[in-house]
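> Pasting a structure below so you can have a look.
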Amino acid sequence: MSTSTGRGDSPTIVLALDPSDPVVREAPVQWAASQFTEVLAGVGITVETATDAQSQAALTVAVGGGAGEAGPAESFSLRRREGPDGPVHVEGGDARGLMYGVLELADRARFADDPLAELRGTQPTSQQPATPVRSILRTFVSDVEDKPWFYDRDFWAEYLTELATNRVNRFHLALGMQYNYGHHPATDNYFCFPYPFLLDVPGYDVRAGNVPDEERERNLETLRFISDEAKRRGVDFQLGLWNHAYDQGDGSIPHYPITGLTPETHAAYSAAALGMLLRECPSIDGLTMRVHYEGGIPEPDHEVYWQQVMSAVAEVGRPIEIDMHAKGVDEALLEIARGTGMPVKVGAKYWAEHQGLPYHQTTIRDRERATKEAGTGLMAITAHLRRFTRYGYGDFLREGSDVKVLFRIWPGTQRVLLWGDPVLAAGYGRLGTIGGAAGIDLCEPLTFKGRKDTGEPGGRDPYADQALRLEGQEWKKYRYTYRLWGRLLYDPDADPDSWRRFLRAEYGAAAEAVENALGPASRVLPLVTVAHGIGASNNGYWPEIYLNMPIAGGPNADHYQRDTATPPTFGGVSAFDPSMFYRVDEFADDLLAGHRDGRYSPLDVADWLDGLAADAEGNLAAATAQVADVEEPQFRRLAVDVAAQAGIGRFFAGKYRAGLAYSLYERTKDPRHLGDAVEAYRTARDAWVGVVEVTSVYRPDLTFGDARSEHGHWADRLPAIEADLADLERIHEAAKAENAPAGQAVVEIPRGARPSFEHTVPEPFSRGDDQTITLESSDPAFDGTVVLHYRHLNQGEDFETVETSRNGTTFEATVPGSYTDSDFALVYYFTVHASGGDAWILPGLEKSLASQPYHVLRQRVR
Numbered sequence: 022m023s024t025s026t027g028r029g030d031s032p033t034i035v036l037a038l039d040p041s042d043p044v045v046r047e048a049p050v051q052w053a054a055s056q057f058t059e060v061l062a063g064v065g066i067t068v069e070t071a072t073d074a075q076s077q078a079a080l081t082v083a084v085g086g087g088a089g090e091a092g093p094a095e096s097f098s099l100r101r102r103e104g105p106d107g108p109v110h111v112e113g114g115d116a117r118g119l120m121y122g123v124l125e126l127a128d129r130a131r132f133a134d135d136p137l138a139e140l141r142g143t144q145p146t147s148q149q150p151a152t153p154v155r156s157i158l159r160t161f162v163s164d165v166e167d168k169p170w171f172y173d174r175d176f177w178a179e180y181l182t183e184l185a186t187n188r189v190n191r192f193h194l195a196l197g198m199q200y201n202y203g204h205h206p207a208t209d210n211y212f213c214f215p216y217p218f219l220l221d222v223p224g225y226d227v228r229a230g231n232v233p234d235e236e237r238e239r240n241l242e243t244l245r246f247i248s249d250e251a252k253r254r255g256v257d258f259q260l261g262l263w264n265h266a267y268d269q270g271d272g273s274i275p276h277y278p279i280t281g282l283t284p285e286t287h288a289a290y291s292a293a294a295l296g297m298l299l300r301e302c303p304s305i306d307g308l309t310m311r312v313h314y315e316g317g318i319p320e321p322d323h324e325v326y327w328q329q330v331m332s333a334v335a336e337v338g339r340p341i342e343i344d345m346h347a348k349g350v351d352e353a354l355l356e357i358a359r360g361t362g363m364p365v366k367v368g369a370k371y372w373a374e375h376q377g378l379p380y381h382q383t384t385i386r387d388r389e390r391a392t393k394e395a396g397t398g399l400m401a402i403t404a405h406l407r408r409f410t411r412y413g414y415g416d417f418l419r420e421g422s423d424v425k426v427l428f429r430i431w432p433g434t435q436r437v438l439l440w441g442d443p444v445l446a447a448g449y450g451r452l453g454t455i456g457g458a459a460g461i462d463l464c465e466p467l468t469f470k471g472r473k474d475t476g477e478p479g480g481r482d483p484y485a486d487q488a489l490r491l492e493g494q495e496w497k498k499y500r501y502t503y504r505l506w507g508r509l510l511y512d513p514d515a516d517p518d519s520w521r522r523f524l525r526a527e528y529g530a531a532a533e534a535v536e537n538a539l540g541p542a543s544r545v546l547p548l549v550t551v552a553h554g555i556g557a558s559n560n561g562y563w564p565e566i567y568l569n570m571p572i573a574g575g576p577n578a579d580h581y582q583r584d585t586a587t588p589p590t591f592g593g594v595s596a597f598d599p600s601m602f603y604r605v606d607e608f609a610d611d612l613l614a615g616h617r618d619g620r621y622s623p624l625d626v627a628d629w630l631d632g633l634a635a636d637a638e639g640n641l642a643a644a645t646a647q648v649a650d651v652e653e654p655q656f657r658r659l660a661v662d663v664a665a666q667a668g669i670g671r672f673f674a675g676k677y678r679a680g681l682a683y684s685l686y687e688r689t690k691d692p693r694h695l696g697d698a699v700e701a702y703r704t705a706r707d708a709w710v711g712v713v714e715v716t717s718v719y720r721p722d723l724t725f726g727d728a729r730s731e732h733g734h735w736a737d738r739l740p741a742i743e744a745d746l747a748d749l750e751r752i753h754e755a756a757k758a759e760n761a762p763a764g765q766a767v768v769e770i771p772r773g774a775r776p777s778f779e780h781t782v783p784e785p786f787s788r789g790d791d792q793t794i795t796l797e798s799s800d801p802a803f804d805g806t807v808v809l810h811y812r813h814l815n816q817g818e819d820f821e822t823v824e825t826s827r828n829g830t831t832f833e834a835t836v837p838g839s840y841t842d843s844d845f846a847l848v849y850y851f852t853v854h855a856s857g858g859d860a861w862i863l864p865g866l867e868k869s870l871a872s873q874p875y876h877v878l879r880q881r882v883r
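Numbering (the working numbering) for the sequence shown: 22 to 883.
Here it is as structure tokens:
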């Protein structure tokens, strides 16, 4: 095939858009074609669209004309119909799928050493989405820190292009998320009650103080621009309306006071404003709304407000998704939303207000259990009968429901340090649709930066080191994060080259070691979050910059009292999944009793953390040896964050061991356990010192709120760790001085290999039928017992347990038809108990930590 020199000496590719295919004429495909041309121009290839240039071109890329052969919505295929030297045909199940196919070719060319050879070597492939909704949430919380990016059109062009390229299909711009009504008096309330910042609603003289008319008009124009640009790129635009109170409550002294409203006019104004906003911004595809009391409408009279406001959505005249934040949602609110005729979703939290492991809580904490009676006052419904909807999917995953569940991953775990693990990201791609759920809405890195009036000019950039600052481009540090989330939610089995090409371009010969360092480092904080569920709210618990919970009674115990067990001690902290993870004190009790119940122990968690840290540290050393320039800012940022996360892993591993040893001392009074606790805690303290040293490149106060756990630096947390360690050392010295005799011996439970069993999840069951579940032992000599744990796919319920019957190597139990006669699928797992006191959970977590430790059995579709 001849090669045209194109413009100058550059080769030419023809992009042939099929004029007979109506999908090709849609805006996302046309935008993708322009993006393809721009990317290839950047790597020295000219793109022509004239068909008469094909004979002189190095390659033809034919777009469209597949007549739906590529598959379902958002799917695409790359084909070579005329053989290996013929055109590359891009076909799509719809406009978005066709767009993804064109962008995939552009992405391959962008990162290739030889872009033309890369495209000419295109192999046939077909891809389709595993996760229907793949959403990124960005929130406006600070007038000082967020106005610059909000008004920056160049930022939006780059940012939205990055999302679309990586198959993120929904963008959620959240307004008013920074304050919880009834908990946080408001000061920086810009966009908190958003309508007066955007609109002059006819018939109402409602204003946001200190916001000139010109600024209000600019705000609306900017919102229209953002939503239009998202739509043009095939990204659904979701507007988050998280606050609905014009007065944030007692103690609020807002910078932008809202005038012109009364309790009598509030609902009518909100309805009129919302209808006007949706008409002024026709590219708004959906609304996310916090509908319980924290959104500013006290319960239980909030239903009256929502009836009037949601009716305005129905009158706009186009489909608009209603996504209600799940906390406190009951059947009455669902009926109000259904009454609009719009598609309805419920946005549930994945792991409370944090990022945990990819699976969903087997069991919620006791603190999240519903009360038996309704309450009164501001939070009458949410804090009582519907309490169990606060931090998980609650009872919303009903089979055949017309209301879809969308999981929202909140930012409490990790806000600053770089996250990038293809293993966990693929786990989310496989498990984020549990029970037919719609997908995931991810709070992006730096979410809530500057919240609660803690913003400062230029403060969104987290770095103090001038060489590492990103000067208004902070989001670009996390491009690998966006790539993994988008592509592995789309396809958990994606070709690794889809992210490795990016790493090769960024880190050259060190790319493989970088992936293998950042991956395990990124598993540290999600594991810590799941095992150490000290606080469900992101306002009070930030594992990344951990406010130390004392082992022996040091500082900060009071901080956690509101959201953890009493008394608040490290040993008493519940996991976020108490069915899978022991409390430290519970495990100490079982050790002394000479048995386990199968759950993961503090020692198991410590071993995992040490292993992840060792993998991260070893591969970081390899990357440092292989990278071309260790002082290059992008590599330095990564190296700092990997080292910090590895150090945090070492800290928690040491602290878990120290906490267990102290708990054993409390029970046995054997001072040898105190010695073990001191030694382990010194190791933990030393690891935190290392974290402080490596993170000195960051600002001394990273502000995500005004509570002591919401801002600061790793260095700020060290004194409390030192004080807690000093308490342990004093107790140890006192015990040694008393020459206390050795206490009760702790008998080590023989820990052998987990017995081997095989299990196949049954076919979907029919509602009301008995369901037999079997487990097959691979060891005829196994002399223990097997217990089946089962419940509905409803986190408001407890598990039922039944010991299986045995016939040879087969273990069997039956879930009665009276139990399967419900609206829910079944969740179940086994505990295997050996005769020597050991026990295991089946299936349990795999070494990768990306698996689901239980099975889900769906109902048969009627």
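The beta carbon of each residue, even a glycine, is placed where N, CA and C say it ideally should be. Because the structure is a prediction, the values reported are computed rather than measured.
Taking just the CA atoms, how far does residue 713 sit from residue 736?
5 angstroms
> If you draw a straight line from the C-alpha of residue 591 to the C-alpha of residue 681, how long is it?
9 angstroms
> Less than 8 angstroms between the CB atoms is what I'm expecting for residue 744 and residue 576, so what's the real figure, rounded?
Indeed, because the Cβ distance is near 6 angstroms, the residues count as touching under 8 angstroms.
> Within 10 Å of its beta-carbon, does residue 205 have 16 or more other beta-carbons around it, so buried, or fewer, so exposed?
buried
> Spatial neighbours of residue 24 within its chain, please: CB distance less than 7 angstroms, with the 5 preceding and 5 following residues excluded, ordered by chain position.
Note that residue 24 scores a pLDDT of 37, beneath 50, so its modelled location is shaky and nothing firm can be said.
> In terms of alpha-carbon separation, which member of 860, 549, 506, 724 lies closest to residue 633?
549
> Considering residue 854, what are the terminal residues of the alpha helix (DSSP H) in which it resides?
Secondary structure note for residue 854: it is in no alpha helix (DSSP H), and the uninterrupted beta strand (DSSP E) holding it is 847–854.
> Spatial neighbours of residue 224 within its chain, please: C-beta separation below 8 angstroms, excluding the five flanking residues on both sides.
293
> Do residue 701 and residue 738 have their beta-carbon atoms positioned less than 7 angstroms apart in this structure?
no
> Does DSSP classify residue 30 as helix, strand or coil?
coil
> Considering only residues of the same chain and omitting the five flanking positions on each side of residue 852, which have a CB-CB separation below 8 angstroms?
618, 619, 807, 808, 810, 860, 861, 862, 863, listed in sequence order.
> What residue range does the beta strand (DSSP E) around residue 558 cover?
No beta strand (DSSP E) holds residue 558; DSSP gives it neither H nor E.
> Who are residue 308's beta bridge partners in DSSP?
In DSSP, residue 308 forms a bridge with 260, 343.
> Would you call the region 633–649 in contact with the region 550–570, where contact means no fewer than 3 C-beta pairs closer than 8 angstroms?
no
> Evaluate the contact criterion for the region 478–497 versus the region 210–220: three or more CB pairs, one atom per stretch, below 8 angstroms.
Here the region 478–497 does not lie against the region 210–220, with fewer than 3 beta-carbon pairs under 8 angstroms apart.
> Report the rounded CA-to-CA distance for residue 306 versus residue 340, giving the unit in angstroms.
About 7 angstroms.
> For residue 552, collect the residues of the same chain with a Cβ closer than 7 angstroms to its Cβ; drop the 5 residues on either side in sequence, then sort them by chain order.
596, 602, 626
> Any contact between the region 151–168 and the region 226–239? By contact I mean 3 or more CB pairs, one from each, below 8 angstroms.
no
> I need the DSSP call for residue 84, collapsed to helix, strand or coil.
strand
> When DSSP labels each residue in this structure, what does residue 842 get in the three-state scheme?
coil
> Closer than 6 angstroms by C-beta to residue 198: which residues in its own chain qualify, once you throw out the five before and the five after it? Chain order, please.
Same-chain partners within the cutoff: 160, 263.
> Could you please give the first and the last residue of the uninterrupted alpha helix (DSSP H) stretch that includes residue 149?
Premise fails: residue 149 is in no alpha helix (DSSP H) and is neither H nor E.
> Does residue 240 pass the burial test, meaning 16 or more other C-beta atoms within 10 Å, or should it be called exposed?
buried
> Using the DSSP secondary-structure output, state which residues sit across from residue 460 in a beta bridge.
154, 427
> Is it right to say residue 839 is buried, meaning 16 or more other beta carbons lie within 10 angstroms of its own, or is it exposed?
exposed
> Just to confirm the assignment, what range does the beta strand (DSSP E) spanning residue 110 have?
109–113
> Could you check what DSSP says for residue 535 in three-state terms: helix, strand or coil?
helix
> Which one or two residues does DSSP pair with residue 100 in a beta bridge?
DSSP links residue 100 through a beta bridge to 110.
> DSSP state of residue 55, grouped into three classes?
In this structure, residue 55 counts as helix in the three-state DSSP scheme.
> Taking all protein chains shown into account, do 16 or more other C-beta atoms lie within 10 angstroms of the C-beta of residue 470, making it buried, or fewer, making it exposed?
buried
> Less than 7 angstroms between the C-beta atoms of residue 757 and residue 654, yes or no?
Taking 7 angstroms as the cut-off, the Cβ atoms of residue 757 and residue 654 do not count as close.
> Residue 116 and residue 49: beta carbons closer than 7 angstroms?
yes
> Taking 6 angstroms as the limit between beta carbons, can you name the residues of its chain near residue 537, skipping five residues before and five after?
640.
> Please specify which runs of the alpha helix (DSSP H), each continuous and at least 4 residues long, are wholly inside the region 486–526, giving them in chain order.
You should have 500–511.
> Tell me the DSSP bridge mates of residue 810?
822, 850
> Does the structure place the region 396–415 close enough to the region 579–591 that three or more beta carbon pairs sit under 8 angstroms?
no
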